[in-house]
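Line by line, the protein sequences give chains A and B. Residues 263 to 668 (our numbering) make up the first sequence, in order. Residues 263 to 668 (our numbering) make up the second sequence, in order. The C-beta atom is built at its ideal place from N, Cα and C for all residues, glycine as well. Just so you know, these numbers come straight off a predicted model, no measurement behind them.
Number of protein chains: 2
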Amino acid sequence: MVEVDGERLLESLQTLRGFGAVGSGVVRPTFSGPDMAARRWLRDQMEAAGLDAVVDGVGNVFGRSRNGGPALVIGSHSDTQPEGGWLDGALGVMYAIEVARALAELDSTRRLAVDVAAWSDEEGTYANFLGSRSFIGDLADGDMASTNTAGESVAEAIERVGLSHEPRVALDPARHIGYIEAHIEQGPHLEERGRRIGVVTSIVGMRTLQISFSGRQNHAGTTPMARRSDAGVALFDFGVRVRSRLESIAGPATVWTIGNARLEPGAESIVPGSAWCGLQFRDADEAVLDTVEAAVRDLAAEMTAEGPVAVSAARRRDPVTATDMSAELRRHLATAADARVRDGWTEMPSAAAHDAMVIAKSVPSAMLFIPSIDGISHDFAENSHDEDIVLGCQVLVDAAISILEP
Amino acid sequence: MVEVDGERLLESLQTLRGFGAVGSGVVRPTFSGPDMAARRWLRDQMEAAGLDAVVDGVGNVFGRSRNGGPALVIGSHSDTQPEGGWLDGALGVMYAIEVARALAELDSTRRLAVDVAAWSDEEGTYANFLGSRSFIGDLADGDMASTNTAGESVAEAIERVGLSHEPRVALDPARHIGYIEAHIEQGPHLEERGRRIGVVTSIVGMRTLQISFSGRQNHAGTTPMARRSDAGVALFDFGVRVRSRLESIAGPATVWTIGNARLEPGAESIVPGSAWCGLQFRDADEAVLDTVEAAVRDLAAEMTAEGPVAVSAARRRDPVTATDMSAELRRHLATAADARVRDGWTEMPSAAAHDAMVIAKSVPSAMLFIPSIDGISHDFAENSHDEDIVLGCQVLVDAAISILEP
Chain A
263 MVEVDGERLL ESLQTLRGFG AVGSGVVRPT FSGPDMAARR WLRDQMEAAG LDAVVDGVGN
323 VFGRSRNGGP ALVIGSHSDT QPEGGWLDGA LGVMYAIEVA RALAELDSTR RLAVDVAAWS
383 DEEGTYANFL GSRSFIGDLA DGDMASTNTA GESVAEAIER VGLSHEPRVA LDPARHIGYI
443 EAHIEQGPHL EERGRRIGVV TSIVGMRTLQ ISFSGRQNHA GTTPMARRSD AGVALFDFGV
503 RVRSRLESIA GPATVWTIGN ARLEPGAESI VPGSAWCGLQ FRDADEAVLD TVEAAVRDLA
563 AEMTAEGPVA VSAARRRDPV TATDMSAELR RHLATAADAR VRDGWTEMPS AAAHDAMVIA
623 KSVPSAMLFI PSIDGISHDF AENSHDEDIV LGCQVLVDAA ISILEP
Chain B
263 MVEVDGERLL ESLQTLRGFG AVGSGVVRPT FSGPDMAARR WLRDQMEAAG LDAVVDGVGN
323 VFGRSRNGGP ALVIGSHSDT QPEGGWLDGA LGVMYAIEVA RALAELDSTR RLAVDVAAWS
383 DEEGTYANFL GSRSFIGDLA DGDMASTNTA GESVAEAIER VGLSHEPRVA LDPARHIGYI
443 EAHIEQGPHL EERGRRIGVV TSIVGMRTLQ ISFSGRQNHA GTTPMARRSD AGVALFDFGV
503 RVRSRLESIA GPATVWTIGN ARLEPGAESI VPGSAWCGLQ FRDADEAVLD TVEAAVRDLA
563 AEMTAEGPVA VSAARRRDPV TATDMSAELR RHLATAADAR VRDGWTEMPS AAAHDAMVIA
623 KSVPSAMLFI PSIDGISHDF AENSHDEDIV LGCQVLVDAA ISILEP
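Here is the structure:
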């Protein structure tokens, strides 16, 4: 049995945390100074673990095992949200490096090929899943023109950080037989159920509808209530009615959120002539997503028929399809988890998107979760218990061995 | 009987419309090029009407009659909203000049003293009611630091347009016995009731409450619906509940508006942790305003008690108290209107604020309205019928004579 070195793993995670540390959290957005320094440090760590490591042309750090295939890719992302937690993607990256270290320490596993990845810009500071999409060859020219909030494009950032002449690492179908990513759950389910490991069944699908309200702008003093066509009133109505409607049709794990909204022109003394909001909803079942979308479109049509404000719903961006994880890889993870903590693990969907969702398009992929304390994520307060952190890595290395051993 | 020259009046209004004309509307914000050109032209028109006219130190154009007092001040404002109608305040300014012209043409009225005013920045491009507040001595040093959206202060603008060394015109209690302002109604009431003249009874009071919602920011994918404390959901709830509550307690002419609102941080994938909106309400009766404000505060307290989101209500700025118009001046306007269009006029409150609201603090004031076609105002489509425009001026000159004649 290979045993991970828990102390080494935790020390490595704390060192990585130092790149961009702010209080208990981390500010390490893609292509920032701390992000690039972390990537160079990760490359060195991969080299020290016996891998051939590079920072590639889009910022991916990729450590290739010197062993021949079949190879398993293990990794996650090392960038953070504008105010990120210290684990998030960093956990899965350090797990992968620890797996490589641990396998190299035993004669019986030294010959197994694990390639380690720290993907670039999973969080979408410039472009969502930039690194993993590049890895599977799913990056279009337009993506290189995508900008951060300061207006710098991907191409400009890559030039600035000195990577524009580096080649891009690519998935090798002749070598790579699968991808495994570990991550903190970012939700409360494991903690609430008293489980220490989650084996992800699928990554939820997600759709966003732009709801638009078209009324008539008017003077807020002189326009009697009965003569108004107030787009803001319709927006508030929609917000309340959509909630009760979705509560009655949604699945037990469906979530929906109105995260942004605007009244136009947005002046205190003007009856809003138009308004909009964004409604995002997620579920692991595409049929549920279809039902929700139809209900929202029906509500918009009903409100338009009722008047006086016209309401319309349109997709704001391409939907994210729910992604099933590989049954084969899940079985290895489940077996490994059950051996280490019988009844202490569970199968569960991932309510958040991950690089595994991208890579699953090209190669069998799976994910392993460890608990988030209080379910907090994308926040400086994000944390997990040390023993859960170490356990997750142990399950991962056990699974990797069972996958790679004939 | 003095008869106004309708053709001359309409021609003057069309000339004034040319300063900043955009399509059927006017863009003449305070201290802009078109605004200052219009003010210089108005000063020349006042001089031509036999008045001693100046553009004063805050941009007011003031034409003082060479006759001794008692004097009546007649006027309105010549600046516009960012997208203004051609009549709005310009109507009342040209009425005042036409009154001065008409009085000067007859031996019987030539000795009557009417001082004519075109107030500066009624619309608040820099500071609401700048000119009329200066006239009654109600301008604080802080007002001179108030800025337009481009960040230019009143003081800087006055320097830029070359008025910083001009004295400010002031109300003269020994001379000025009252103020009358004519304006288009900016609402649908006169047109709906088939009346051609409105004698304003009072200018409505106005209050604005900032409603704040405090929940807990969270990940929109991984946070189950039951665990959320979504400030946006509370905002929508409030918007719906405040409407039904105010409908049951408001007076027949009460209006209320949520003109601006915001979800924070306002991101598609984040459950809003906080939110706010502005609720403005107006009524001519302070007791109604008290009842409305109490109901809104009660609703906020109820919602906080229900949870999970805390809701609070606080005044966003000093309330505007309802202002009664002078009974004496109203009687003169009513008598004049009745003589010209028996049963074709009505008493009514003003649902919009006007310079008369400011000046009424210092001297008896009154207002006269003419109909707005379709009730449209603060819009390029604002208009009134020519015959109503001329009738309004005729009633105004008749009333001025009856006020000033012993």
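In terms of alpha-carbon separation, which member of the options lies closest to residue i?
i, options, result
"B:GLY321", "B:GLU345, B:LEU353 and B:VAL431", "B:VAL431"
"A:THR597", "A:ALA576, A:HIS647, A:THR485 and A:ILE459", "A:ILE459"
"A:LEU433", "A:ARG326, A:LEU452 and A:ASP403", "A:ARG326"
"A:LEU214", "A:LEU561, A:ILE439 and A:VAL652", "Any answer about residue 214 of chain A is impossible in this case: the structure gives chain A only from 263 up to 668."
"B:SER294", "B:GLY330, B:SER340 and B:GLY354", "B:SER340"
"A:GLU250", "A:LEU658, A:SER664 and A:ILE665", "In the structure as shown, chain A begins at 263 and stops at 668. Residue 250 of chain A is therefore absent and cannot be evaluated."
"A:ALA515", "A:GLU526, A:LEU525 and A:PRO450", "A:PRO450"
"B:TRP381", "B:MET468, B:SER464, B:LEU304 and B:LEU595", "B:LEU304"
"A:SER370", "A:VAL264, A:ARG577 and A:ALA529", "A:VAL264"
"B:SER664", "B:LEU334, B:VAL554, B:MET610 and B:ARG457", "B:LEU334"
"B:ALA379", "B:ASP560, B:ALA366, B:GLU367 and B:ARG395", "B:ARG395"
"A:GLU526", "A:PHE500, A:GLU414 and A:GLY477", "A:GLY477"
"B:ASP586", "B:ARG604, B:ALA618 and B:PRO429", "B:ALA618"
Compute the distance between the beta-carbons of residue i and residue j, then report whether it is under 8 Å.
i, j, result
"A:ALA493", "A:SER536", "yes"
"B:VAL466", "B:ASP350", "no"
"B:ASP547", "B:GLY513", "yes"
"B:MET565", "B:ALA496", "yes"
"A:ILE232", "A:TYR357", "Lying before the first or after the last residue shown, residue 232 of chain A is absent from chain A, which here runs from 263 to 668."
"A:ALA557", "A:ARG524", "no"
"B:SER646", "B:SER634", "yes"
"B:ALA628", "B:ARG592", "yes"
"B:SER574", "B:ALA562", "yes"
"A:GLY346", "A:GLU443", "no"
"B:LEU472", "B:GLY528", "Looking at the sequence provided, one finds Gln at residue 472 of chain B rather than Leu. No, Cβ-Cβ distance for B:GLN472 and B:GLY528 is not below 8 Å."
"A:MET210", "A:VAL550", "In this structure chain A extends from 263 to 668, so residue 210 of chain A is not present and cannot be described."
"A:VAL317", "A:CYS655", "no"
"A:PHE642", "A:GLY287", "yes"
"A:PHE498", "A:VAL571", "no"
"B:ALA310", "B:PHE281", "no"
"B:ALA375", "B:ASN410", "no"
Which class does residue i belong to by DSSP, given the choice of helix, strand or coil?
i, result
"A:SER476", "strand"
"A:VAL466", "coil"
"A:ALA515", "coil"
"B:GLY337", "strand"
"B:HIS451", "helix"
"A:GLN542", "strand"
"B:GLU609", "strand"
"B:HIS594", "helix"
"B:ARG490", "coil"
"B:ASP383", "coil"
"B:MET629", "strand"
"B:ILE635", "helix"
"A:THR566", "helix"
"A:VAL376", "strand"
"A:ILE398", "coil"
"A:LEU525", "strand"
"B:ALA615", "coil"
"A:TYR388", "coil"
"A:SER574", "strand"
"B:SER536", "strand"
Is there at least one Cβ from chain D nearer than 8 Å to residue i's Cβ?
i, result
"A:VAL502", "Absent from the structure: chain D. Protein chains present are A and B."
Since I believe residue j is in contact with residue i (beta carbons under 8 Å), could you give me their beta-carbon distance rounded to a whole number of angstroms?
i, j, result
"B:ILE532", "B:ALA488", "Not a contact, Cβ separation roughly 18 Å."
"B:TRP607", "B:ALA599", "4 Å"
"A:LEU452", "A:PHE324", "That pair is no contact at about 30 Å."
query: At a Cβ cut of 7 Å, what residues of the segment 522 to 544 of chain A count as close to chain B, listed as they run along the chain?
result: Contacts with chain B (Cβ-Cβ distance below 7 Å) from the segment 522 to 544 of chain A involve ASN522, ALA523, LEU525, GLY528, ALA529, GLU530, SER531, ILE532, VAL533, PRO534, GLY540, GLN542 and ARG544, listed in chain order.
- request: Report the residues of the segment 482 to 500 of chain A with a CB closer than 9 Å to any CB of chain B, ordered along the chain.
  value: Considering only beta carbons, the part of the segment 482 to 500 of chain A lying closer than 9 Å to chain B consists of ALA482, GLY483, THR484, THR485, PRO486, MET487, ARG489, ARG490, ASP492, GLY494, VAL495, LEU497, PHE498, ASP499 and PHE500, in chain order.
- prompt: Looking at chain B, which residues of the segment 629 to 658 of chain A have a Cβ within less than 9 Å of any of its Cβ atoms?
  reply: Taking 9 Å as the upper bound on Cβ-Cβ separation, chain B lies near residues SER634, GLY637, ILE638, SER639, HIS640 and ASP641 of the segment 629 to 658 of chain A.
query: According to a CB-to-CB cut-off of less than 9 Å, which residues of the segment 595 to 629 of chain B neighbour chain A?
result: When C-beta distances to chain A are compared with 9 Å, the residues of the segment 595 to 629 of chain B below that value are SER612, ALA613, ALA614 and ALA615, in chain order.
message: Give me the subset of the segment 429 to 453 of chain A whose CB atoms are less than 9 Å from a CB atom of chain B, sorted by chain position.
response: Result list: GLU447, GLN448, GLY449, PRO450 and HIS451.
task: Quick one: which residues of the segment 508 to 521 of chain B get their C-beta closer than 7 Å to a C-beta of chain A? List them in chain order.
output: Listed in chain order, the positions of the segment 508 to 521 of chain B with a beta carbon within less than 7 Å of a beta carbon of chain A are VAL517, THR519, ILE520 and GLY521.
message: Beta carbons nearer than 9 Å to chain A: which residues of the segment 548 to 559 of chain B have them?
response: If the cut-off is 9 Å between Cβ atoms, the segment 548 to 559 of chain B has nothing near chain A.
- request: Give the residues from the segment 463 to 478 of chain A that approach chain B closer than 8 Å (Cβ to any Cβ), ordered along the chain.
  value: If the cut-off is 8 Å between Cβ atoms, the segment 463 to 478 of chain A has VAL466, MET468 and THR470 near chain B.
message: Any C-beta of chain B within less than 8 Å: which residues of the segment 313 to 341 of chain A qualify?
response: Residues are counted here when their Cβ sits less than 8 Å from a Cβ of chain B; for the segment 313 to 341 of chain A the count is zero.
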